[in-house]
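Asks:
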Amino acid sequence: MSESDTPPILIVDDQEKLLRLIVMLMTRIGFPDVEGVTSAPEALERMRQRRYALVISDLDMEPMDGLSLLREIRADDTLMNTPFMLTESSFDFEDINLAHQAGADAFILKPFDMAVLKTKLKQVLNRKPRKREAPIASESSLSVEFPMLGKF
Numbered sequence: 050m051s052e053s054d055t056p057p058i059l060i061v062d063d064q065e066k067l068l069r070l071i072v073m074l075m076t077r078i079g080f081p082d083v084e085g086v087t088s089a090p091e092a093l094e095r096m097r098q099r100r101y102a103l104v105i106s107d108l109d110m111e112p113m114d115g116l117s118l119l120r121e122i123r124a125d126d127t128l129m130n131t132p133f134m135l136t137e138s139s140f141d142f143e144d145i146n147l148a149h150q151a152g153a154d155a156f157i158l159k160p161f162d163m164a165v166l167k168t169k170l171k172q173v174l175n176r177k178p179r180k181r182e183a184p185i186a187s188e189s190s191l192s193v194e195f196p197m198l199g200k201f
């Protein structure tokens, strides 16, 4: 499989060491096209230039946190269907509730448990597109082979 067959993943984390670690981890489990950015505004800029199969963002970032990034993405008609996972070392009920209301597809605790990460990736990448009042064309129904995850 060539790199162009695998949809790109965008990782957003303001801690550079952790960002590099997550990018490396995603590459290792079968995603050859993974980009990392250290801020939510930079993530939005990248997303407006390139289509991503998934965004994995840290919740606790400055000046714009992961929840604000998620709300911006869901409010944008072009980006609204981009699957979105939030990461954090701990979530409280309020975080989960707010993120769910904002349209998060999944949550995963750091450090990542590989089995949980793979399961959540499959769930998120296989979900149905969101709909607004007026249905928009569903561009992406992924049917891609990810080496370590199997067929989607």
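In this note's numbering, the protein residues as written are 50 to 201. The beta-carbon is built from N, C-alpha and C at its ideal position, and this holds for glycine as well. Note that the structure is a prediction, hence the values are computed from the model and not measured.
Have a look at Leu67, Pro57, Asn146 and Glu111 and flag the residue whose alpha-carbon is nearest the alpha-carbon of Phe161.
Replies: The shortest C-alpha separation from Phe161 is found at Leu67.
Asks: Could you work out which residue in Arg99, Gln98, Thr76 and Leu93 is closest to Leu116 when comparing CA atoms only?
Replies: Out of Arg99, Gln98, Thr76 and Leu93, Leu93 has the C-alpha closest to the C-alpha of Leu116.
Asks: Am I right that Leu166 and Pro132 are in contact with their C-beta atoms under 8 Å? What's the rounded C-beta distance?
Replies: At roughly 14 Å, the Cβ-Cβ gap does not stay under 8 Å, so Leu166 and Pro132 are not in contact.
Asks: CA-CA distance, Ile122 and Phe140?
Replies: Between Ile122 and Phe140, the C-alpha separation is close to 21 Å.
Asks: Taking Ile122 as part of the alpha helix (DSSP H), name the residues at either end of that continuous run.
Replies: Taken as a continuous stretch (DSSP letters only), the alpha helix (DSSP H) holding Ile122 covers Gly115 to Ala124.
Asks: Rounded to the nearest angstrom, what separates Ile185 and Arg100 at their Cα positions?
Replies: Any answer about Ile185 is weak, because its pLDDT of 41 lies below 50 and its placement is not dependable; what the coordinates show is given next. Those two C-alpha atoms are separated by around 16 Å.
Asks: Measuring CB to CB, does Glu42 end up less than 7 Å from Leu59?
Replies: Look at the range of the chain in this structure, 50 to 201, and you will see that residue 42 is not part of it.
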